[in-house]
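What follows is a set of notes on a single structure, which appears directly below.
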Amino acid sequence: MAEEVRAPLAGNIWKVLVEVGAKVDEDDELVIIEALKMENPIYAPRAGTVKDVRVKPGDKVAEDDLLVVIE
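Going by the numbering used here, the first residue of the sequence shown is number 92, and it counts up by one from there.
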């Protein structure tokens, strides 16, 4: 079953650390959001394979926007 990883806060995508097909473990960093001049890493909620990456560096995201899908 796929799990959606959503933005916990609004900001700019500073770095995307995974690509489609990548294997991730629970708590691996997926994306870094820059907000209020601070880098906020977003972690994998569980182990799996990255099915979809919906953002790229420079994108603006709002709270609850879809970032990554893990299967």
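Even for Gly, the Cβ is constructed at its ideal location relative to N, Cα and C.
All figures in this text were calculated on a predicted structure; none of them were measured in a lab.
Using a 10 angstroms sphere on the CB of Gly102, the tally of other CB atoms reaches 16 or more, which defines it as buried.
Beyond the five residues adjoining it in sequence on each side, Pro148 comes within less than 8 Å, by CB distance, of Ile104, Trp105, Lys106, Val107 in the same chain, given in chain order. For Glu130, the enclosing beta strand (DSSP E) starts and ends at 129 to 134. Restricting attention to Pro99, Met92, Ala93, the CA atom closest to the CA of Asp155 is found in Pro99. DSSP lists no bridge partner for Glu110.
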